[in-house]
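A.B. asks:
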Amino acid sequence: MNQKPNYGNWVPEKLLYLTFGGAALFLVLALLAGLAFSNTPLAVICAILCAVLLAFGIYMYACHECFAFGKGDMMAKVHAHLVAHLNWDGHGTLLDIGCGAAPLTIRCAKAFPDAALTGMDYWGAQWNYAKEQCEKNAAIEGVASRIHFEKGDAAHLNYADETFDAAVSNFVFHEVHSARDKRDVVREALRIVKRGGVFSFQDLFAQKSLYGDMDAFVEELKKEGISEIHYIGNLEKTLDFVPAYVRTPWMISGMGILYGKK
């Protein structure tokens with residue numbers, strides 16, 4: 522029986538268990554308060570909390586199924602959108618910054634069969650990903666011989682200037698806690714790209730609280746030496762594979778792509 526890769530989900534199953542478990546707990550408390558202790562106000566409060574958690578859990582489950590590889594496939598489609606904007610011949614080296622469970626790294630390996638790739642991630646305790654999971658996924662997908670995985674910090678990449686021919690990153694920069702200004706994470710990612718190399722980054726670039734005025738930021742990057750750079754914001758409003766119910770501030774809002782040539 523062939524194994525399937527485990528790429529995880531942007532909505533972790535742990536969150537679903539906690540949400541539905543909390544709803545069940547408040548339902549039991551509501552029943553106890555109303556039937557065993559005749560405490561109607563407490564029963565009503567617990568019933569309301571149960572209903573709220575249940576509704577939230579149903580919503581998050583719908584998002585989970587939408588994102589899931591092999592089901593709604595939205596995560597895969599987001600990755601495909603990023604790779605489609607990477608104008609590269611595939612000869613040389615590529616870095617995936619914040620590779621998670623390596624779905625984007627592996628997609629790049631398949632799209633560029635002559636490339637040597639590095640997947641880098643912090644793999645902190647708060648994430649359901651690990652280096653061993655990445656290596657297993659790469660082996661299952663038949664590309665392990667061309668991908669190297671290592672731990673690192675996206676705000677302080679452990680590579681010399683102009684090390685890679687290409688760099689990609691997907692919904693990572695805003696999660697980098699070691700950098701207060703997320704624009705510095707973008708600059709750090711561009712630092713390791715060779716002169717003439719290419720890049721494609723997707724993140725919540727249209728959220729001004731994270732990146733400020735992106736048009737102004739693009740002009741700054743041009744002045745700093747990036748020869749070609751393009752920005753498209755609010756992609757969730759234009760990409761037909763992003764359903765309306767995930768275009769919320771707590772899910773995907775302000776999605777943008779920054780791509781070009783150094």
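Residue numbering for the sequence shown follows my numbering, beginning at 522 and increasing consecutively. Glycine included, each C-beta is placed from N, C-alpha and C at the ideal position. Owing to the predicted nature of the structure, the values given are computational and were not obtained by experimental measurement.
Since L742 and I753 should fall inside the 8 Å C-beta cutoff, what is the C-beta to C-beta distance between them, to a whole number of angstroms?
C.D. replies: Numbered from its first residue, the sequence shown carries residue 742 at position 221. Numbered from its first residue, the sequence shown carries residue 753 at position 232. With 8 Å as the limit, L742 and I753 do not qualify as a contact, their Cβ atoms being about 15 Å apart.
A.B. asks: For H600, does the count of other Cβ atoms within 10 angstroms reach 16, so buried, or fall short, so exposed?
C.D. replies: Residue mapping note: residue 600 aligns to position 79 of the sequence shown, counting from 1. With 16 or more Cβ atoms within 10 Å of its Cβ, H600 is classed as buried.
A.B. asks: Can you tell which of N691, G718, H677, Q723 has the C-alpha that lies nearest to the C-alpha of R701?
C.D. replies: Along the sequence shown, one-based indexing puts residue 701 at 180. Minimum Cα distance to R701 is reached at H677.
A.B. asks: Suppose contacts are defined by Cβ-Cβ distances below 9 Å. Is F685 in contact with V707 by that definition?
C.D. replies: Counting from one through the sequence shown, the residue named residue 685 turns up at place 164. Counting from one through the sequence shown, the residue named residue 707 turns up at place 186. Going by C-beta atoms, F685 is not nearer than 9 Å to V707.
A.B. asks: Could you tell me how far apart the beta carbons of D674 and Y643 are, in whole angstroms, since I believe they sit closer than 8 Å?
C.D. replies: Walking along the sequence shown from the start, residue 674 turns up at place 153. Walking along the sequence shown from the start, residue 643 turns up at place 122. Their Cβ separation, rounded to whole angstroms, is 6 Å, which keeps D674 and Y643 in contact under 8 Å.
A.B. asks: Where P624 and A597 are concerned, what is the direct C-alpha to C-alpha distance, given to the nearest angstrom?
C.D. replies: Within the sequence shown, numbered from 1, the residue matching residue 624 stands at position 103. Within the sequence shown, numbered from 1, the residue matching residue 597 stands at position 76. For P624 and A597, the distance between alpha carbons rounds to 8 Å.
A.B. asks: In angstroms, rounded to a whole number, what distance separates the CA positions of V549 and F590?
C.D. replies: Position 28 of the sequence shown, counted from the first residue, corresponds to residue 549. Position 69 of the sequence shown, counted from the first residue, corresponds to residue 590. So the two alpha carbons sit approximately 35 Å from each other.
A.B. asks: Where does K783 fall in DSSP's three states?
C.D. replies: The residue given as residue 783 occupies position 262 in the sequence shown. Reduced to three states, the DSSP call for K783 is coil.
A.B. asks: With burial defined as no fewer than 16 other Cβ atoms inside 10 Å of the residue's Cβ, what is the status of Y732: buried or exposed?
C.D. replies: Position 211 of the sequence shown, counted from the first residue, corresponds to residue 732. Buried, by the Cβ-count rule.
A.B. asks: Roughly how many angstroms separate the alpha carbons of M641 and T769, rounded to a whole number?
C.D. replies: Locating residue 641 in the sequence shown gives position 120, where the first residue counts as 1. Locating residue 769 in the sequence shown gives position 248, where the first residue counts as 1. The straight-line gap from Cα to Cα measures roughly 29 Å.
A.B. asks: Per the DSSP calculation, K729 is bridged to which residue(s)?
C.D. replies: Along the sequence shown, read from residue 1 onward, the residue named residue 729 stands at position 208. According to DSSP, K729 bridges with nothing at all.
A.B. asks: Cα separation between P764 and A630?
C.D. replies: On the sequence shown, position 243 is the one that residue 764 refers to. On the sequence shown, position 109 is the one that residue 630 refers to. Their Cα atoms are separated by approximately 28 Å.
A.B. asks: From I566, F577, A564, F558, pick the residue whose C-alpha is nearest to that of G542; which is it?
C.D. replies: The residue labelled residue 542 in the question sits at position 21 within the sequence shown. Looking at the Cα atoms, F577 is the closest of the given residues.
A.B. asks: Quick one: which unbroken beta strand (DSSP E) runs of 3-plus residues sit fully inside the stretch 598–686? Chain order, please.
C.D. replies: Runs found: 614–618, 637–642, 668–672.
A.B. asks: So, helix, strand or coil for E745, using DSSP?
C.D. replies: As a position in the sequence shown, residue 745 is number 224, starting the count at 1. Reduced to three states, the DSSP call for E745 is coil.
A.B. asks: Tell me whether I566 sits in a helix, a strand or coil according to DSSP, three-state version.
C.D. replies: Here the question's residue 566 lines up with position 45 in the sequence shown. Of the three classes helix, strand and coil, the one that applies to I566 here is helix, per DSSP.
A.B. asks: Quick one: what's got a C-beta closer than 7 Å to A568's C-beta in the same chain, skipping five residues either side?
C.D. replies: On the sequence shown, position 47 is the one that residue 568 refers to. The residues are A551.
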